[in-house]
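Taken in sequence, the protein lines are chains Y and P. Counting from 1, one number per residue, gives the positions in the first sequence under the numbering used here. Counting from 1001, one number per residue, gives the positions in the second sequence under the numbering used here. We put the CB at the ideal spot given by N, CA and C, even for glycine. Have a look at the structure below before the remarks.
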Amino acid sequence: MSAPESDHSPLLDARDISLERGGKLILDRVSVQIPPAEVAVVIGPNGAGKTSLLRVLLGLWQPTRGQVKRRRGLRIGYMPQRLQIEPVLPLSVRRFLTLRQRAPRAELLAHLERVGVPHLLDKPVQSLSGGEMQRVLLARALLNRPNLLVLDEPAQGVDIVGQGEVFRLIDDIRRETGCGVLMVSHDLHLVMAGADAVICLNQHVCCTGRPEEVSRHPEYQRLFPTADVQGIGIYKHDHNHVHDLHGEVHDLDDNGTGGSHGCGHAHHHGQGRPKR
Amino acid sequence: MIDAWLDDFLVRAVLAGLMVAAVAGPLGAFVVWRRMAYFGDTISHSALLGVALGFLLGTNLNLMVTIVCVAIAVLLVILQRRQELASDTLLGILAHSALSLGIVAVTFIEGLRVDLMAYLFGDILAVGTSDLLAIAIGGGIALLLLVLLWRPLLALTVHEELARVEGVPVLAVRLGLMLLIALVIAAAMQVVGVLLITALMIIPAASARRFASTPEQMALLAGVIGMLAVIAGVWGSFQYDTPTGPTIVVAAMLGFILVHLLPARLLPQFGGR
């Protein structure tokens, strides 16, 4: 095996990717480069084509036009958005981790330890909570010793405290292993602080750059009008309710009936509810 | 001596049933895991079309059934990809059309009195020595294929995209599974008939779930439970003079009910890894 041309050549290099599915244009001339050892975050509103872009970059879907170049020797560790395993399939975490490649118990334990859940090794996967499953998925992605970690909404179904932990963990792992990270998220505040580059996507690439640059970009502000520009921080979270003049709580997404519930703090936080 | 032994139609029946159940059970585990019960039904219903074609062309029936089943399975996968119709609608259309087409075609064949009931519900007591050989070959190939495909198939079942990113040749493995299902259907047709084949796959697998803590345990136990159902069914049909295929399925169902009525602490649990 010869060494790659240079250490700074991009892990993934996508040029002018267009994707049509069912006659609908989903991606419009998107160009993305993923440099090694950096955290790149794709953000965009729902339906912007984030997951589709990820699928094209992973090679799961063939783009209608354009091409994706992979650096030679690229090993991808992929962490899908969510993973539901039929209860009728008896599968322990250990078996789940070794579905593709066998590995000694000690190695599996070391990886689970790294993501903070060594006690789960012999548990059935169906018994895991959303946050535990995310960690196990991360451990599985790491087993392959990837130089690119691809994560689709890594904090889905994890409570707000857990979300911060998941992102911190990903950041730590990046520092330790030097792998590149490509992450998709629609939750701006949580991911922006840890990102080296942000790609703001809405079918086409609206803007790219460092988090501060993107958050000041007019296109970005048009897409995310409620995003508060100063508040970029790992532990910042979004409220989906407003307090009215009387201090009562209204959910943003209900039609003004929110004041009818008695307890002033019977509200929940945007992404904070576990899925199951 | 074996020849003399094989002269007994009851021995041949039980042997044929055991061989089929030994493959149908483990494969049934995948059918259950991948929610393919209706898919299996559709493919097995189309087997009758294969019988009709086999008679018309004068070729080996088992071979023709396998070919037709694979063809229908591939057609189904292609149609499902287009996603214009919901999957269950598509399966419903294909299952019943294929069955009706098969029955119509079989009755059209001139100068041939085909016992339709034997194909619909099986005729295990009529299994001859050559049938036994065909079942052994088909079942053997299917079992070998299942062992070879086991790991990639399991990876695919857990998460298809993850498997693809990790380098599983998804298309080849899925085609392999289709071929596997077709082979088992061809082998099982004589035992329980095209209408009941899926039962022989999914009922033992569903029963095995309660004992198993690994995928492999569930598959092996499904085979064993299916074999027990065959023995009980053949005995029952002999005892009470009932049609054998349906009696085997009834035996499997009774086992399923029994397994699920028993409290968990009375069930042997296999230590899992």
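By the beta-carbon neighbour count (other beta carbons within 10 angstroms, threshold 16), T1157 (chain P) is buried. Of all alpha-carbon atoms in P:V1065, P:I1067, P:L1090, the one lying nearest the alpha-carbon of V1077 (chain P) is that of P:L1090.
Taking the Cα positions, L1144 (chain P) is about 20 Å away from V1032 (chain P).
When rounded, the separation of the alpha-carbon atoms in L121 (chain Y) and L1177 (chain P) is 30 Å. With 16 or more other Cβ atoms from the protein chains shown falling within 10 Å of its own Cβ, F1030 (chain P) counts as buried. Counting along the chain, no beta strand (DSSP E) covers S1237 (chain P); the unbroken alpha helix (DSSP H) around it starts and ends at 1215-1240.
Residues of the region 1153-1166 of chain P with a Cβ closer than 8 Å to any Cβ of chain Y, in chain order: L1154, A1155, T1157, V1158, H1159, E1161, L1162, A1163, R1164, V1165, E1166. With its beta carbon at least 7 Å from every one in chain Y, A1022 (chain P) lies outside the interface.
The Cβ atoms of G1193 (chain P) and A1021 (chain P) do not sit closer than 7 Å to each other. In the DSSP annotation of this structure, D16 (chain Y) is not part of any alpha helix (DSSP H); the continuous beta strand (DSSP E) holding it starts and ends at 12-21.
Here the alpha carbon of L60 (chain Y) sits roughly 14 Å from the alpha carbon of L12 (chain Y). Residues of the region 70-93 of chain Y whose Cβ lies closer than 8 Å to any Cβ of chain P, in chain order: I76, Y78, P80, L83, I85, E86, V88, L89, P90, L91, S92. Closest option to G131 (chain Y), judged by alpha-carbon separation, among Y:P146, Y:L143, Y:L142, Y:V115: Y:V115.
Taking C-beta separations shorter than 8 Å and ignoring five residues to either side along the sequence, the partners of L201 (chain Y) in its chain run V30, V42, I43, G44, A48, G49, K50, L53, following chain order. Comparing alpha-carbon positions, the option among Y:D28, Y:E86, Y:V39 lying closest to G66 (chain Y) turns out to be Y:D28.
At least one beta carbon of chain Y lies nearer than 7 Å to the beta carbon of M1218 (chain P). When secondary structure is reduced to three states using DSSP, K50 (chain Y) falls in the helix class. The C-beta separation of V125 (chain Y) from I85 (chain Y) comes to about 5 Å, placing the pair in contact by the 8 Å criterion. By the Cβ rule, the region 97-110 of chain Y does not count as touching the region 1218-1232 of chain P, because fewer than three pairs are nearer than 8 Å. Of Y:G22, Y:L57, Y:E38, the smallest CA-CA separation from R175 (chain Y) is found for Y:E38. Straight-line spacing of the CA atoms in G22 (chain Y) and A40 (chain Y) works out to 29 Å.
Listed in chain order, the non-local C-beta contacts of K69 (chain Y) below 6 Å within the same chain comprise D13, local neighbours out to five positions each way being set aside. Listed by position along chain P, the residues whose Cβ is nearer than 8 Å to that of F96 (chain Y) are V1158. Within chain Y, no C-beta atom comes less than 7 Å from the C-beta of R1174 (chain P); the nearest is roughly 15 Å away. Using a Cβ distance threshold of 7 Å, T1042 (chain P) and A1182 (chain P) do not count as a contacting pair. For R135 (chain Y), no chain P residue has a Cβ inside 9 Å of its Cβ, as the nearest lies near 16 Å away.
For R65 (chain Y), the enclosing beta strand (DSSP E) starts and ends at 65-70.
Distance between N147 (chain Y) and V1165 (chain P), taken at the CA atoms: about 14 Å.
Contact check for V150 (chain Y) against V158 (chain Y) fails: the beta carbons are separated by 7 Å or more. Bounds of the alpha helix (DSSP H) holding N1062 (chain P) are 1061-1082. One finds A1155, E1166 in chain P with Cβ atoms closer than 7 Å to the Cβ of R100 (chain Y), taken in chain order. In its chain, beyond the 5 residues on either side, V41, I43, E153, V191 have a beta carbon closer than 7 Å to the beta carbon of S185 (chain Y). Shown in chain order are the members of the region 1200-1227 of chain P whose Cβ falls below 8 Å from a Cβ of chain Y: A1206, R1209, A1212, S1213, T1214, P1215, Q1217, M1218.
Note that the region 1133-1153 of chain P does not touch the region 78-92 of chain Y; fewer than 3 beta-carbon pairs, one per stretch, sit closer than 8 Å. Out of Y:E107, Y:G194, Y:N46, the CA that lies nearest to the CA of R168 (chain Y) is found in Y:G194. With a threshold of 16 other beta carbon atoms within 10 Å, L223 (chain Y) meets it and is buried.
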